[in-house]
């Protein structure tokens, strides 16, 4: 009991933000290790199928955040938690978003996307589980129950990895069974809360729930376009790899994406930490002082990204072989080009924070829409030659071009305003 009490008091000693980052890190570790085990135990084709299916998981998470979780956060804090039916509406809305994506999966499989036909019985479980889990996490953040969130994140990660390793040991691991494990691991830690959230408290009429859903979707629909551009600009890559060389090509590119995504927890952590500081500095500093502040903070984002670029440039092939196996060595050229994309993404983060501080959120839509447009144009030009190296070059080039556009917007809205 003493150890548990010390754990519960850890939040007060290290700060709530650390708990949030630890939970995010647990999810990132779970995703990375899952992909690694599939690559090692099931092979490139199954990893490719997993990457294709996971694009729907990414989609439902972003849509759930945009249409339900973010509006719920806004209205819940605005009303001080006194409103009736809002929590139930959030749970129902999350389920409906998940159901919509599940129908999209089934429709795509029926209409001829053969790579999805083997996933139609397990991928929907992962989709529903992830969107509900993410809403529960957001609700607990709003309620200030950060310890509860972290415990659920750690439990979910542990369950997912335990199931993945058991499937691999039994030689049953595939893309389909991996999504079954992800769905169960996402749902089990939040089942108790889901029941409490739907049946506890005052009874809510269907009219109240519908009213809140209308307010959620009305608030969130302005955010959907930017989210759609972001999802497409990131999640088109495995499908382009599939078009360029089949599921094996998608599998090789997936390991390169997994390694570049290792930077995400750090970038997200720095972004969350500096967001309020950017707001405060813009309010208090003069124009030249704010510009200098943005440049200084950009160096903090740039340093780890440059280190990643140096590592993949010098040891990219050995890194792929050591982690994933000899058959993935061919992805080293793609990984090299993608390293430049990581540098561009890292530098774009403080610029986006600065633009949000000056209340220019439309620039975020411009940034993601431009990246998507360039990717689509390059894909159309090089359609017969979408190898992993070509796609890696796309990733680096698209992100550098988008960074250029963002820097122009930064100069116009911040420096020369």
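In UniProt numbering, the protein residues as written are 1 to 417.
Note that CB positions come from ideal geometry on N, CA and C, so glycine has one too.
Predicted, not measured: the structure shown is a model, and the values here were computed from it.
Assuming residue i contacts residue j under a Cβ cut-off of 8 Å, what Cβ separation, rounded to an integer in Å, is found between them?
i	j	result
residue 73	residue 142	6 Å
residue 31	residue 64	Not really, about 17 Å apart at Cβ, beyond 8 Å.
residue 398	residue 365	Not really, about 16 Å apart at Cβ, beyond 8 Å.
residue 347	residue 302	6 Å
residue 386	residue 269	About 33 Å; that fails the 8 Å criterion.
residue 341	residue 260	7 Å
residue 59	residue 120	Actually they are not in contact, since the Cβ atoms of residue 59 and residue 120 sit about 16 Å apart, beyond 8 Å.
residue 355	residue 291	Actually they are not in contact, since the Cβ atoms of residue 355 and residue 291 sit about 13 Å apart, beyond 8 Å.
residue 209	residue 92	6 Å
residue 231	residue 62	5 Å
residue 339	residue 313	6 Å
residue 423	residue 227	It is not possible to answer for residue 423, since the shown part of the chain is limited to 1 through 417.
residue 263	residue 322	That pair is no contact at about 19 Å.
residue 281	residue 273	Incorrect: roughly 13 Å between the Cβ atoms, too far for contact.
residue 53	residue 175	6 Å
Grouping DSSP H, G and I as helix and E and B as strand, with all else coil, what is residue i?
i	result
residue 171	coil
residue 358	coil
residue 75	helix
residue 13	Caution is warranted here: a pLDDT of 49 is assigned to residue 13, below 50, making its placement in the model unreliable, and no coordinate value can be reported.
residue 211	helix
residue 1	For residue 1, the predicted model reports a pLDDT of 49, less than 50, meaning its position is unreliable; a value from the coordinates is still stated below. If DSSP states are grouped into helix, strand and coil, residue 1 belongs with coil.
residue 393	helix
residue 419	The question about residue 419 has no answer, for the chain in this structure spans 1 to 417.
residue 444	Outside the shown range of the chain (1 to 417) lies residue 444, about which nothing can therefore be said.
residue 143	coil
residue 382	coil
residue 41	helix
residue 54	helix
residue 410	helix
residue 416	coil
residue 269	helix
residue 183	helix
residue 111	coil
residue 85	coil
residue 420	One cannot answer for residue 420 here, as it falls past the ends of the chain, which runs 1 to 417.
residue 387	coil
residue 405	helix
residue 325	coil
residue 331	helix
residue 118	coil
residue 400	helix
How would you label residue i, buried or exposed, when you count the other beta carbons within 10 angstroms and need 16 or more for buried?
i	result
residue 189	buried
residue 483	For the chain, the structure presents residues 1 to 417; residue 483 sits outside this window and is missing.
residue 212	buried
residue 349	buried
residue 367	buried
residue 153	buried
residue 98	buried
residue 335	buried
residue 343	buried
residue 19	buried
residue 134	buried
residue 337	buried
residue 13	Residue confidence for residue 13 is low, a pLDDT of 49 falling below 50, so the modelled location carries little weight; the figure read from the coordinates is stated next. Exposed, because fewer than 16 other Cβ atoms sit within 10 Å of the Cβ of residue 13.
residue 110	exposed
residue 357	buried
residue 1	Since pLDDT at residue 1 reaches only 49, below the 50 mark, its modelled position is unreliable, and no value is offered.
residue 310	exposed
residue 379	buried
residue 205	exposed
residue 370	buried
residue 384	exposed
residue 359	exposed
residue 162	exposed
residue 394	buried
residue 90	buried
Looking at chain B, is there any beta carbon in it that lies within less than 8 Å of the beta carbon of residue i?
i	result
residue 260	No chain B appears in this structure, which consists of one protein chain only.
Self-check item: Touch test, the segment 241-259 against the segment 29-47, Cβ-Cβ under 8 Å, three pairs minimum
Solution: Using a C-beta cut-off of 8 Å, the segment 241-259 makes contact with the segment 29-47, since at least three inter-stretch Cβ pairs fall below that distance.
Quiz item: Taking three-plus beta-carbon pairs below 8 Å as touching, is the segment 93-111 in contact with the segment 19-38?
Solution: With a cut-off of 8 Å, the segment 19-38 and the segment 93-111 do not count as touching, because too few Cβ pairs lie within range.
Quiz item: With a cut-off of 8 Å, do at least 3 Cβ pairs link the segment 275-285 to the segment 322-336?
Solution: Not touching, per the Cβ criterion.
Exercise. Take every Cβ of the segment 177-187, pair it with every Cβ of the segment 116-129, and state whether three or more of those distances are shorter than 8 Å.
Key: The segment 177-187, when compared against the segment 116-129, does touch it at the 8 Å Cβ threshold.
Self-check item: Cβ pair count under 8 Å reaching 3, the segment 107-117 against the segment 224-236
Solution: Segment contact: the segment 107-117 against the segment 224-236, fewer than three CB-CB distances shorter than 8 Å; contact not assigned.
Quiz item: On the three-pair Cβ rule with 8 Å, is the segment 217-227 touching the segment 55-69?
Solution: Output reads yes: the segment 55-69 touches the segment 217-227.
Quiz item: Contact between the segment 166-173 and the segment 49-61: three or more CB pairs below 8 Å?
Solution: No, the segment 166-173 is not in contact with the segment 49-61.
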